[in-house]
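**Student:** Numbering of the first sequence is given in this note's numbering, commencing with residue 51 and proceeding in unit increments.
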Amino acid sequence: MDEETVERVRAVVAAIPPGETSTYGEVAEQAGLPGRARLVGKILSEDGADLPWHRVLRANGTSAPHIAHEQAERLRAEGILMVDGRLPREHRRTADRRRES
DNA sequence: CCCTTGACGTAAC
DNA sequence: CGTTACGCCAAGG
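#1: In three-state terms, what does DSSP make of R143?
#2: What is the DSSP secondary structure of T71, counted as helix, strand or coil?
#3: Can you tell me whether A116 is buried or exposed? The criterion is at least 16 other CB atoms within 10 Å of its CB, across all chains shown.
#4: Rounded to a whole number of angstroms, what is the C-alpha to C-alpha distance between A109 and G75?
#5: Out of curiosity, what's the CA-to-CA distance linking P68 and G85?
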């Protein structure tokens, strides 16, 4: 794994403004790693302890089971509330937003 | 070198 | 909503 890649991902995550959220896929894209969302998860799990990783959720607004509790708690501290285990689209920054009509 | 495991994503049933 | 299948990729057995 390139340190370069790791740093870019870390930078993107660190740049997410408080009160807003993003997704693994989006972070990957912004970091120049299209389609490598999984990589982002890997990186956050290893070198993301000191980052606002709680602002990063899955594309559908849910979070992985083992971090769900802490995730919800940290977000709540920023004024974001999880509804039925998922995050309302109103709080998603640049996430999905497909099918509107 | 092959196989398994994930903080993932999208499409199809 | 839930499961399958596939695509993607790094790390550890």
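Positions of the beta carbon are idealized from the N, C-alpha and C atoms, including for glycine.
**Tutor:** So, to answer that:
#1: In the three-state reduction of the DSSP assignment, R143 falls in the coil class, being assigned neither a helical nor a strand state.
#2: Strand at T71.
#3: Ala is not the amino acid found at residue 116; the sequence shown has His there. With fewer than 16 other Cβ atoms from the protein chains shown falling within 10 Å of its own Cβ, H116 counts as exposed.
#4: Roughly 7 Å between the two C-alpha positions.
#5: Approximately 25 Å, taken between the alpha carbons.
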